[in-house]
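*Asks:* Quick one: the structure is below, questions incoming.
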Amino acid sequence: MSVPLNAPALHPMLREWPVTARDALPMALWSAAEIAAATGGTASHDFQASGVEMDSRDVKPGDLFVALKGEAMDGHKFVAQAFAKGAVAAVTDRPVDFPHVLVADTTAALHALAHAARDRAGEAVRIAITGSVGKTGVKEAIFACLDRASRGAAHRSVRSYNNHVGVPLSLARMPARAKFGVFEMGMNHAGEIAPLADHVRPHVALITTIAPAHIENLGSLEAIADEKAQIFTGLVPGGIAVIPADADHADRLIAQAKACGAKVVTFGRAKGADVRLLDAIPAAGGGSLITADLGDIRVCYTIAEPGEHWITNSLGVMAAVRAAGGDLAAAGLALAEMGGLKGRGARHTLGVAGGTALLIDESYNANPASMRATLKSLATTPATRRIAVLGSMKELGDFADAFHRQLAEPIAEAGVTHAILVGAEMQALADELGKAATPMLGKGASFTHCETPAEAIAALGQYGLVHGDAVLVKGSNSVGLGKLVSHLIEHARG
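If you want it as structure tokens, here you go:
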């Protein structure tokens, strides 16, 4: 790295920051010298960055802005906006009128920074998570467990930063002092998981389950299992593969993990699982009291999250925490306190006519397995009326009609009073529910099919939410049902 002795003065936008704002910046994550050394670039100024960001809209004071170039967008166009939001420097492939590190390729520079972060936190145990359902929730749960035990020394990927950009960005944000790093990995095409695993080089790799998510692009459950199993190719020597014993093609996953030299730990209800469910008793608030056998010990803990799928998820969390050397007692406390995530199970109490109603926000994602699991959870939720607003499940290809039709049975089993179906793909389910010869819904129940969230809001308004209602909102993110959730929250009675 070289810092010119006659480096130009700070840009006026930086000089305008009040002293108190500069002094309040978080602890430094990267210095100019460290960034230049990691990327092979040249720094225009000396600086210290407290964070790393690639989206100018999300920049916070003290961030390093990486100007990535994509097929449709060039981050260099937003350098000024990033500095207006408080960036202290940028990584660019051309000189700019702001403090920057000049590199040949900004994407390659982000990868290099990610690898440097991984290597400098040499004591940190890295955990990687993938699977067809439940990746983000399980990632957050493992993080909560390890962060509690390490008193804030755990790091994780935020939101769903699980792709070819999000994973290296999450790595680049990992502090040198971190004791644990938890990273989510997603895919929708073959060949995407292995490069992500190679970035992280995890000590522990967990697969939540195998289900027909993205089957449009992969073609079969076997192909989905094979792609998810690529996470094991990145394991460090002696790494541990945590595998769902109850999942489709579990044997296939185990074989591929062993072929990568991994030690295998299984979890689930299956008799031979290494972390095996012994008992699950309903707990106050909708969660469960779990007793599990870990081979040499038995543990008892409470999970706050409702639903049978979270019972199984918690077993995977405990298996991963133990594999990472975490504290199981602290993990149990963290699981008891963990609430639902926005769009992924968050529960809201709405003020309505006569009292309150429950809103279950699952608006971020949906596939056949998660739809069934969530409807099964709805069935156990105390309610006067159960209303389900269900959006289309995407990326199912030629299987779409069949998978949507198959939701008729779990809807009926959940005791849904009113079903509002949103999106073109939901027409197949509407047709199934509408078959006069085999009515799926109970007496007095109804359904309606809408094309847009706005139409769904209007349809829901016709039912007039009242005290005791439970409203489930679930669909693929692209359907936009988050708008309906926001509308209900904003218009709830105080």
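In the numbering used here, the protein residues as written are 43 to 536. Positions of the beta carbon are idealized from the N, C-alpha and C atoms, including for glycine. What you are looking at is a predicted structure, and each value in this text was computed from that prediction instead of being measured.
#1: Note the first and the last residue of the continuous beta strand (DSSP E) segment covering Leu144.
#2: Less than 7 Å between C-beta atoms, sequence neighbours within five positions excluded: which residues of the same chain meet that for Gly128?
#3: Determine the contact status of Val284 and Ala365, defining contact as a CB-CB distance below 8 Å.
#4: From the DSSP output, in three-state form, read off Gln448 for me.
#5: Does the Cβ-Cβ distance between Glu347 and Gly387 come in under 8 Å?
#6: Based on the DSSP output, what are the partners of Arg168 in its beta bridges?
#7: Is DSSP giving Ile453 helix, strand or coil here?
#8: With distances taken between CB atoms, is the gap from His291 to Asn259 smaller than 8 Å?
#9: Where does Phe489 sit, in a helix, a strand or coil, going by DSSP?
#10: Could you tell me how far apart the beta carbons of Ala304 and Ile282 are, in whole angstroms, since I believe they sit closer than 8 Å?
#11: Is it right to say Cys187 is buried, meaning 16 or more other beta carbons lie within 10 angstroms of its own, or is it exposed?
#12: Specify, as a first and last residue, the run of the alpha helix (DSSP H) that Cys187 falls within.
#13: Could you check if Leu526 is buried or exposed, using at least 16 other CB atoms within 10 Å of its CB as the buried criterion?
#14: Can you give me the Cβ contacts of Ile296 inside the same chain, cut-off strictly under 7 Å, excluding the 5 residues immediately before and after it?
#15: In whole angstroms, give me the CA-to-CA distance for Ser262 and Ser419.
#16: In whole angstroms, give me the CA-to-CA distance for Glu226 and His446.
#17: Three-state secondary structure (DSSP) at Ala534?
#18: If you drop the 5 nearest sequence neighbours on each side, which residues of the same chain put their C-beta closer than 6 Å to that of Leu401?
#19: Since Lys177 and Thr148 should fall inside the 8 Å C-beta cutoff, what is the C-beta to C-beta distance between them, to a whole number of angstroms?
#20: Could you tell me whether the Cβ atoms of Lys270 and Val224 are closer together than 8 Å?
#21: Go ahead and label Val130 buried or exposed: buried means 16 or more other beta carbons lie within 10 angstroms of its beta carbon, across all protein chains shown.
#22: Report buried or exposed for Ala498, applying the criterion of at least 16 other Cβ atoms within 10 angstroms of its Cβ.
#23: For Val464 versus Val521, is the C-beta distance shorter than 8 Å?
#24: Is the segment 446 to 459 close to the segment 467 to 476, with three or more CB pairs under 8 Å?
#25: Rounded to the nearest angstrom, what separates Ile169 and Ala163 at their Cα positions?
#26: Is the distance from the Cβ of Ser528 to the Cβ of Ala408 below 8 Å?
#27: Can you tell me which residues form a DSSP beta bridge with Gly128?
#28: Can you tell me the Cβ-Cβ gap for Val242 and Leu213, rounded? I've got them flagged as a contact below 8 Å.
*Replies:* A quick look at the data gives this:
#1: Position 102 of the sequence shown, counted from the first residue, corresponds to residue 144. Segment 142 to 144, the beta strand (DSSP E) holding Leu144.
#2: Within the sequence shown, residue 128 is the residue found at index 86, counting from 1. These residues qualify, in order along the chain: Val101, Lys102, Pro103, Gly104, Asp105.
#3: As a position in the sequence shown, residue 284 is number 242, starting the count at 1. As a position in the sequence shown, residue 365 is number 323, starting the count at 1. In this structure, Ala365 lies closer than 8 Å to Val284 by Cβ.
#4: For the purposes of this step, residue 448 is taken as residue 406 along the sequence shown, with counting starting at 1. Correct three-state label for Gln448: coil.
#5: Counting from 1 along the sequence shown, the entry for residue 347 is found at position 305. Counting from 1 along the sequence shown, the entry for residue 387 is found at position 345. Contact: yes.
#6: By one-based count along the sequence shown, residue 168 stands at place 126. BP columns for Arg168 point to Gly223.
#7: Residue mapping note: residue 453 aligns to position 411 of the sequence shown, counting from 1. Note: Ile453 maps to helix in three-state DSSP.
#8: Here residue 291 is taken as the residue at index 249 of the sequence shown, counted from 1. Here residue 259 is taken as the residue at index 217 of the sequence shown, counted from 1. Cβ atoms of His291 and Asn259: not closer than 8 Å.
#9: The residue labelled residue 489 in the question sits at position 447 within the sequence shown. In the structure shown, Phe489 sits in a strand (DSSP, three-state: E or B).
#10: Looking up residue 304 in the sequence shown gives position 262. Looking up residue 282 in the sequence shown gives position 240. Contact flag correct, Cβ pair sits at about 6 Å.
#11: By one-based count along the sequence shown, residue 187 stands at place 145. Cys187 should be labelled buried.
#12: What you label residue 187 is simply residue 145 of the sequence shown in a count that begins at 1. Cys187 -> alpha helix (DSSP H) spans 177 to 191.
#13: As a first step, residue 526 is located in the sequence shown; it is residue number 484 there, counting from the start. Flag for Leu526 reads buried.
#14: Numbered from its first residue, the sequence shown carries residue 296 at position 254. Closer than 7 Å at the Cβ level, and outside the excluded window around Ile296, lie Ile285, Val306.
#15: For the purposes of this step, residue 262 is taken as residue 220 along the sequence shown, with counting starting at 1. For the purposes of this step, residue 419 is taken as residue 377 along the sequence shown, with counting starting at 1. Whole-angstrom Cα-Cα distance: 27 Å.
#16: Here residue 226 refers to the residue found at position 184 of the sequence shown. Here residue 446 refers to the residue found at position 404 of the sequence shown. Straight-line Cα distance between these residues: approximately 27 Å.
#17: Here residue 534 refers to the residue found at position 492 of the sequence shown. Three-state DSSP puts Ala534 in coil, outside helix and strand.
#18: Counted from its first residue, the sequence shown places residue 401 at position 359. Excluding residues within five positions, the ones whose Cβ falls inside 6 Å are His390, Leu392, Val513, Leu530.
#19: The count along the sequence shown starts at 1 and reaches residue 177 at position 135. The count along the sequence shown starts at 1 and reaches residue 148 at position 106. About 27 Å; that fails the 8 Å criterion.
#20: Along the sequence shown, read from residue 1 onward, the residue named residue 270 stands at position 228. Along the sequence shown, read from residue 1 onward, the residue named residue 224 stands at position 182. Result no, Cβ atoms of Lys270 and Val224 do not sit closer than 8 Å.
#21: Residue numbering aside, residue 130 sits at position 88 when the sequence shown is read from its first letter. By the neighbour-count rule (16 or more Cβ atoms within 10 Å), Val130 is buried.
#22: In the sequence shown, residue 498 corresponds to position 456, counting from 1. Classification of Ala498: buried, given that the 10 Å Cβ count is 16 or more.
#23: Stepping through the sequence shown from its first residue, residue 464 is reached at position 422. Stepping through the sequence shown from its first residue, residue 521 is reached at position 479. In this structure, Val521 lies closer than 8 Å to Val464 by Cβ.
#24: yes
#25: Counted from its first residue, the sequence shown places residue 169 at position 127. Counted from its first residue, the sequence shown places residue 163 at position 121. Their Cα atoms are separated by approximately 14 Å.
#26: Locating residue 528 in the sequence shown gives position 486, counting from the first residue. Locating residue 408 in the sequence shown gives position 366, counting from the first residue. No.
#27: As a working mapping, residue 128 is identified with position 86 in the sequence shown. DSSP output for Gly128 lists no bridge partner at all.
#28: The residue given as residue 242 occupies position 200 in the sequence shown. The residue given as residue 213 occupies position 171 in the sequence shown. Going by Cβ atoms, the distance from Val242 to Leu213 rounds to 6 Å, so yes, they are a contact pair.
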